[in-house]
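Enquirer:
In the UniProt record's numbering, the protein residues as written are 1 to 93.
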């Protein structure tokens, strides 16, 4: 897809931006190295992937809503990964 504007490129870019936003890490971070599917973590591990500020970990905001916040962020990250995985599939195919 070198230099060609397409919807697939936009979808991939959206996935990257979402991951950068919620992890507060660059796509070049070692966390993102290797297969994107390795980031498909169980919800219990989402705390290790997203920025702790979104969950309110270690603050007064950490409360009974933690599970709902974690579930929401997990869904957001699955969406972002799906956007990136589609692009990888198109590159291989």
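Just so it is clear, CB atoms sit at the ideal spot from N, CA and C, and this is done for glycine as well.
1) Can you tell me which of the three DSSP states residue 51 falls into?
2) What's the gap between the Cα of residue 18 and the Cα of residue 51?
3) Which residues bound the alpha helix (DSSP H) around residue 29?
4) One question on the structure: do residue 47 and residue 57 come within less than 8 Å of each other, judged by their Cβ atoms?
5) From the DSSP output, in three-state form, read off residue 65 for me.
Expert: Checking against the coordinates, here is how it stands:
1) coil
2) 12 Å
3) Element bounds for residue 29: n/a, residue is neither H nor E.
4) yes
5) coil
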